[in-house]
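Trainee: Those sequence lines, one after another, are chains A and B. For the first sequence, the working numbering begins at 1 and goes up steadily by one. For the second sequence, the working numbering begins at 1 and goes up steadily by one. All C-beta atoms, glycine included, are put in the ideal place defined by N, C-alpha and C. Note that this is a predicted model, so its numbers are computed, not measured. One structure is given below, represented as structure tokens, and several questions about it will come after.
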Amino acid sequence: MLQKLAELDKRWIFLALAVVVILPLVFPLGLPVEPGQMSRKFYERIEALPEGSKVCMSFDYGPGTEIECQPMASAVLKHLFRRRCRVVCITLLPDGSMLARRTLEQAAAECKAVYGEDCVYLGYKNGGEAVLRNMGENILNVFSTDFYGKDLSSMPIMKDTVNWDSFALVIDWSVGRPGVADYVRIVGGQYHRPILAGTTAVTAPEAYPFVNAGQVEALLGGLRGGGEYEVLAGIKGGRACRGLEAQSTAHFFVAFLIILANVIYFADKRKKIGRGSGERRR
Amino acid sequence: MENAPAFSDMIGMWTGVCLSMCIFSFLYKDNPFYKLAEHIFVGVSAGYWMCIGYWQVIYPDLIQRLQGGDWRYLIAAVLGIMLLMRIFPKCAWMERWPLAFMVGIFAGYNIVYTMQAQILKQIEATVLPLWGTGSWQTACINLIVLAGVLTGLMYFYFSREHDNSLWGKSARLGVWILMISFGAAFGYTVMARMSLFIGRVMFFQDVWRATVQFFGGS
């Protein structure tokens, strides 16, 4: 039996994993999502912002990582609009350009935020940290128009927006470079602005040292971070919460496979040792 | 009720579904559908990046500024063209100048702030009190951080043999700590990969709902 399992075609495992992921998405299990300490800290930091505060949000993710970053970005945007904060959105990744536009448009429409007054989307600018550095001098030198080609100087939200000092908070949704490290180095290190970040699960371990050192105030990691924030922000039926159930079942399945593989390995090893000592006795 | 999706949206969504299935078919075995989807992805990405690069960078930051009479940007244009000269083997040497310019600028910019944000601040974060922290849990965590950093560094010191001495044993503890951190990072990687698949399945669900809506269902 164990031998058969050891020789099992890996495609059966792919199929089983697909079933384990698809089932809870089709038939939700209703597993609870309990927000963690980091998500609470993130939420409380947004709650502490005074009404009318200006926040810069950078969408540095692409379609491949949309499922992890978009739910948290959307939930935080809605939370900011509900708190009557004003949001200036940018992206340092060309892939993020359309995703940022869609996320902002949806959140603004839902929360009735007025474009140009409560929010603006400046679009993509090439150069990564060079862009961040130039924004520290004058944002209008970097972005002369918004994503749609409209003049920024005529927009009320841009009236008193000069450089990083104009923002009460900077939030970065990132998947690598340009990303959290660049923001920590330039926006935090050089311009001393408070930073919050949301990353994919893969990049979260790289970002945690910045949290530990106090350079990033709070971090949301992967789909779990997004799901926890949706719960805190009171968003019903959010994408991250929907996906978290499937994530939980998939993790159980992967853990089961790891245990099973170890059992097979040690049983096989024991069998070989037994066979070896039997031959020696003969 | 939400508005029914447009026909063009339906075409886009179903193209996405078909291409996703083509990519997933690789899990069974390599096949022409996978190759087709892969090539379409590369081609579309290149085209998308080119368009975004032109309309959001070259046009507003170079052409419009030159049209506005700011001739300083000619220097940037010339440097940019020099960067492309590697296409012609005889003029390939020209690309070194703008490259040297970029390397010089970024190295100069980064040295101070990288030192500050990614080295000094991180060292500072490991200098933690082991007593007088208020709770024994914090003291334990601080001790683990300190021991982890020190033993991890010992492992990467190769000028002394990692034998059975205290040094060698500490280095071995460092290996254990590194393995635990790799395990945690790998756990996060598994989580991320699962999320990608979950995202695709949720996309299929959304397309299915949109299709039902398109054909007049509720």
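#1: Would you decide whether Met1(B) is buried or exposed? Buried here means 16 or more other CB atoms lie within 10 Å of its CB.
#2: Which residues in the same chain as Gln213(B) place their Cβ atom closer than 6 angstroms to its Cβ, once the five residues preceding and following it in sequence are excluded?
#3: Kindly list, in the order they appear in chain E, the residues whose Cβ is closer than 8 angstroms to that of Pro50(A).
#4: Taking only three categories from DSSP, how would you classify Met155(A)?
#5: Reducing DSSP to helix, strand and coil, say where Tyr34(B) ends up.
#6: Measuring only between beta-carbons, confirm whether Glu124(B) sits less than 8 angstroms from chain A.
#7: Nearest chain A C-beta to Ser8(B) closer than 8 angstroms, yes or no?
#8: With a cut-off of 8 angstroms on the beta carbons, I'd call Gly123(A) and Gln67(B) a contact; round off their distance for me.
#9: Quick check: Ala107(A) and Met194(B), are their CB atoms within less than 8 angstroms of each other?
#10: Please list, in chain order, all residues of the same chain as Trp97(B) whose beta carbon is under 8 angstroms from its beta carbon, the five residues on each side excluded.
#11: What residues in its chain sit with their C-beta under 6 angstroms from that of Ala233(A), if we drop five residues either side in the sequence?
#12: Bridge partners for Ala218(A) per DSSP, in chain order?
#13: Tell me whether the stretch 101 to 115 of chain A and the stretch 225 to 232 of chain A touch, counting them as touching only if at least three CB pairs, one residue from each stretch, are closer than 8 angstroms.
#14: Assuming Phe203(B) is part of the alpha helix (DSSP H), what are its boundary residues?
#15: In whole angstroms, what separates the C-alpha of Pro205(A) from that of Arg133(A)?
#16: With distance defined between alpha-carbon atoms, name the residue in Asn126(A), Leu219(A), Ile186(A) and Asp268(A) nearest to Thr200(A).
#17: Can you find a C-beta in chain A that's less than 8 angstroms from the C-beta of Leu178(B)?
#18: Starting from Met57(A), follow its DSSP beta bridges and name the residues at the other end.
#19: Using beta-carbon positions only, say whether Thr189(B) and Arg185(A) come within less than 8 angstroms of one another.
#20: Would you mind telling me which residues of chain B sit closer than 8 angstroms to Gly64(A), beta carbon to beta carbon, in chain order?
#21: Candidates Phe41(B), Gly152(B) and Gln205(B): which alpha carbon is nearest Pro24(A)'s?
#22: Using the C-alpha atoms, what's the distance from Phe42(A) back to Tyr54(B)?
#23: Helix, strand or coil for Leu83(B), going by three-state DSSP, please let me know.
#24: Which two residues bound the contiguous beta strand (DSSP E) that contains Tyr124(A)?
#25: Look up Tyr115(A) in the DSSP assignment and give the residues it is bridged to.
#26: Does the Cβ of Gly237(A) have 16 or more other Cβ atoms within 10 Å, making it buried, or fewer, making it exposed?
#27: Report the CB separation of Ala117(B) from Gly189(A) in whole angstroms; it is logged as a contact under 8 angstroms.
#28: Look at the Cβ atom of Asp60(A), then the Cβ atom of Thr91(A), and state whether they are nearer than 8 angstroms.
#29: Quick one: any contact between the stretch 43 to 50 of chain A and the stretch 169 to 184 of chain B, if contact means 3 or more CB pairs under 8 angstroms?
#30: Are the C-beta of Leu223(A) and some C-beta of chain B separated by less than 8 angstroms?
#31: For Thr114(B), which beta-bridge partners are listed by DSSP?
Mentor: A quick look at the data gives this:
#1: No answer about Met1(B) holds up, because its pLDDT of 47 lies below 50 and its placement is not dependable.
#2: Ala4
#3: Among the protein chains in the structure shown, which are A and B, there is no chain E.
#4: coil
#5: Tyr34(B): helix per DSSP, three-state reduction.
#6: So, interface residue.
#7: no
#8: Incorrect: roughly 19 angstroms between the Cβ atoms, too far for contact.
#9: Not closer than 8 angstroms, so no.
#10: Cβ neighbours of Trp97(B) beyond the five flanking positions: Leu79 and Met82.
#11: These residues qualify, in order along the chain: Ala75 and His79.
#12: Leu196(A)
#13: no
#14: Leu166 to Phe214
#15: Taking the straight line joining both Cα atoms gives about 26 angstroms.
#16: When only C-alpha atoms are compared, the closest one is Leu219(A).
#17: At a cut-off of 8 angstroms, the C-beta of Leu178(B) has no neighbouring C-beta in chain A.
#18: Cys89(A) and Ile171(A)
#19: If you check the CB distance, Thr189(B) and Arg185(A) do not come in under 8 angstroms.
#20: Leu196
#21: Checked all of Phe41(B), Gly152(B) and Gln205(B); the closest Cα to Pro24(A) is Gln205(B).
#22: 37 angstroms
#23: helix
#24: Element bounds for Tyr124(A): Cys119 to Tyr124.
#25: DSSP output for Tyr115(A) lists Cys119(A) as bridge partner(s).
#26: exposed
#27: 4 angstroms
#28: Contact check for Asp60(A) against Thr91(A) passes: the beta carbons are separated by less than 8 angstroms.
#29: no
#30: It does; some Cβ of chain B falls within 8 angstroms.
#31: The secondary-structure analysis by DSSP pairs Thr114(B) with nothing; it has no beta-bridge partner.
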